[in-house]
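This report concerns only the one structure given below.
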Amino acid sequence: MADRVVMKGNEALAEAALRAGCRFFSGYPITPQTEVLEYLSWRMDEVGGTLIQTEDELTGLHMLTGAALAGARVLSTSAGPGFALFHEGLSYLAGCDIPSVLVDVQRVGSACGDISVSQGDYEEVVHGGGNGDSQYLVLTPASVQEQVDMVIEAYDLAEQYKTPVVILSDAIIGQMMEGVTLPDMKEHDIDAPTSERIMKEMGDDLNGTISFGGPLSDYNTYSEVFTKKWAAIKEAEQKWENIEVADCDVCCVSYGISSRVCKEAVKKARAKGVKLGLVRLKTAWPFPEKAFAEVNPDVKGFLSVEMSIKGQVVPDIRLATNCNYPVFGYFSVKDVPDSDKVVEIAESIIAGTAKEVK
525 MADRVVMKGN EALAEAALRA GCRFFSGYPI TPQTEVLEYL SWRMDEVGGT LIQTEDELTG
585 LHMLTGAALA GARVLSTSAG PGFALFHEGL SYLAGCDIPS VLVDVQRVGS ACGDISVSQG
645 DYEEVVHGGG NGDSQYLVLT PASVQEQVDM VIEAYDLAEQ YKTPVVILSD AIIGQMMEGV
705 TLPDMKEHDI DAPTSERIMK EMGDDLNGTI SFGGPLSDYN TYSEVFTKKW AAIKEAEQKW
765 ENIEVADCDV CCVSYGISSR VCKEAVKKAR AKGVKLGLVR LKTAWPFPEK AFAEVNPDVK
825 GFLSVEMSIK GQVVPDIRLA TNCNYPVFGY FSVKDVPDSD KVVEIAESII AGTAKEVK
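Its first residue numbered 525, the sequence shown is counted upward by one per residue in my numbering.
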């Protein structure tokens, strides 16, 4: 029977991974995601799995790759600077069709940054993630419950599409405590994988090489295979939540903790007679372009509400709307956006006094 409990976001994520059948974790502690490693340090042993605290994040990803190739459901988590070290391994996972689940609990700043909350890794995770044409699914939870649900979903998606899946969380979601319903425990049969991710044996040919069975083994079909995969994902896996968008004069676009602020702002604005709506991203890749077809075609503009300096979601909003609408921004750093400020900016957009993001 599913359990109803109150848990911290990071710990709920860790427990959800175990209940999805994850039995291997390798990674390195870094604020604000260290509780994942701490929780699994004792809980993984209880379910018969393996946890390795590695000397750095890069090593963690390489160990995870080996476990995933052996058929295990795997997990590694990090934050900002640590996730940057994931890129070599992440590119390998993507290029070799290796199912895996990774988590970035975002924190503020480039370089070593600080431990405060941020959403500054959007570009890095959604449009970065390694050399070459690396691409993978990115899920964006906005609550502890949604983080649990998305972890469960991530393993199924990873195996369905033979790809890494990244959960793009943030320090608030990771550290906050909320009531959650945890799913029943599921066992994953490591000896009967649902995809071709087991290393092919070399057999008697001792001079041969180990093949991972992915597109990289044949560059003649490399482009075709990935193009087909990404098209299938973009068609089937766009996920979003639209709130009051059919008649809105201004439409917020947001994800994670900022989207919860925007939900409150929509209620406040509507109470004042201001027609504010919200497109909440549940996937950052594929970006939910279909969501924008439901928005009032006479909307005066879109307001990106995010915790970054540059307004990293803005280019995706422009592409999703074919650059047909002005895009404005409310970019807070270190502090969670304020719902009253969202309403204030929306009113200025309607009044024609707000400045577009350039």
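Cβ atoms here follow ideal geometry from the backbone N, Cα and C, with glycine treated the same way.
Computed from a predicted structure; not experimentally measured.
Open item on the list: Less than 8 Å between C-beta atoms, sequence neighbours within five positions excluded: which residues of the same chain meet that for Leu730?
Closed with: By one-based count along the sequence shown, residue 730 stands at place 206. Bear in mind that a pLDDT of 42 at Leu730, under 50, signals an unreliable position, so the number given afterwards is only what the model happens to contain. No residues qualify anywhere along the chain.
- [ ] Inspect the beta-carbon positions of Val866 and Tyr854 and report whether they are closer than 8 Å.
- [x] By 1-based counting over the sequence shown, the position of residue 866 is 342. By 1-based counting over the sequence shown, the position of residue 854 is 330. Yes; because the gap between Cβ atoms is below 8 Å, this pair is in contact.
Open item on the list: Less than 8 Å between the C-beta atoms of Val829 and Val803, yes or no?
Closed with: By 1-based counting over the sequence shown, the position of residue 829 is 305. By 1-based counting over the sequence shown, the position of residue 803 is 279. No, the Cβ-Cβ distance between Val829 and Val803 is not below 8 Å.
Task: CA-to-CA distance, Val629 to Ala540, given in whole angstroms - done: Start at 1 with the first residue of the sequence shown, and residue 540 comes out as number 16. Start at 1 with the first residue of the sequence shown, and residue 629 comes out as number 105. Rounded to the nearest angstrom, the two C-alpha atoms are 16 Å apart.
Open item on the list: Three or more C-beta pairs under 8 Å: does that hold for the stretch 594-604 against the stretch 547-559?
Closed with: yes
- [ ] Report the rounded CA-to-CA distance for Ser856 versus Ser778, giving the unit in angstroms.
- [x] Residue numbering aside, residue 856 sits at position 332 when the sequence shown is read from its first letter. Residue numbering aside, residue 778 sits at position 254 when the sequence shown is read from its first letter. Cα to Cα, Ser856 sits roughly 12 Å from Ser778.
Task: Proximity winner among Ala875, Leu537 and Asp527, relative to Val627 (alpha-carbon distances) - done: The sequence position of residue 627 within the sequence shown is 103, counting from 1. With distances taken between Cα atoms, Val627 lies closest to Leu537.
- [ ] Specify the secondary structure class of Ala817 as computed by DSSP and reduced to three states.
- [x] By one-based count along the sequence shown, residue 817 stands at place 293. When secondary structure is reduced to three states using DSSP, Ala817 falls in the helix class.
Open item on the list: Only counting the same chain, and skipping five residues up and downstream in sequence, which positions put a Cβ closer than 8 Å to that of Ala875?
Closed with: Along the sequence shown, read from residue 1 onward, the residue named residue 875 stands at position 351. Within the same chain, Ala875 has no close Cβ partners at all.
TODO: Select from Pro861, His586, Ile639 and Gly644 the residue whose C-alpha is nearest the C-alpha of Ser624.
DONE: Reading the sequence shown from its first residue, position 100 is the one you call residue 624. With distances taken between Cα atoms, Ser624 lies closest to His586.
TODO: Could you please give the first and the last residue of the uninterrupted alpha helix (DSSP H) stretch that includes Leu585?
DONE: Along the sequence shown, one-based indexing puts residue 585 at 61. Run containing Leu585: Glu581 to Leu593, per the alpha helix (DSSP H) assignment.
TODO: Hey, could you find the ends of the alpha helix (DSSP H) Gly533 is sitting in?
DONE: Translated into the one-based positions of the sequence shown, residue 533 becomes position 9. Its alpha helix (DSSP H) spans residues Gly533 to Arg543.
TODO: Compute the beta-carbon to beta-carbon distance between Ile767 and Leu827, rounded to the nearest angstrom, for a pair I have assumed lies under 8 Å.
DONE: The sequence position of residue 767 within the sequence shown is 243, counting from 1. The sequence position of residue 827 within the sequence shown is 303, counting from 1. The pair is not a contact, with the Cβ atoms about 13 Å apart (cut-off 8 Å).
Task: Cβ pair Lys858, Ser642 closer than 8 Å - done: As a working note, residue 858 is residue 334 in the sequence shown. As a working note, residue 642 is residue 118 in the sequence shown. Ser642 sits close to Lys858, with the two beta carbons spaced by under 8 Å.
Task: Simplified DSSP assignment, three categories, for Lys882 - done: Against the sequence shown, residue 882 aligns to sequence position 358. Residue state, collapsed to three classes: coil.
Open item on the list: Using only CA atoms, which one of Lys799, Leu706 and His651 lies nearest to Glu670?
Closed with: Counting from 1 along the sequence shown, the entry for residue 670 is found at position 146. Closest option to Glu670, Cα to Cα, is Leu706.
Task: Cα-Cα separation between Gln699 and Gly533, rounded to whole angstroms - done: The count along the sequence shown starts at 1 and reaches residue 699 at position 175. The count along the sequence shown starts at 1 and reaches residue 533 at position 9. Distance between the alpha carbons of Gln699 and Gly533 is about 6 Å.
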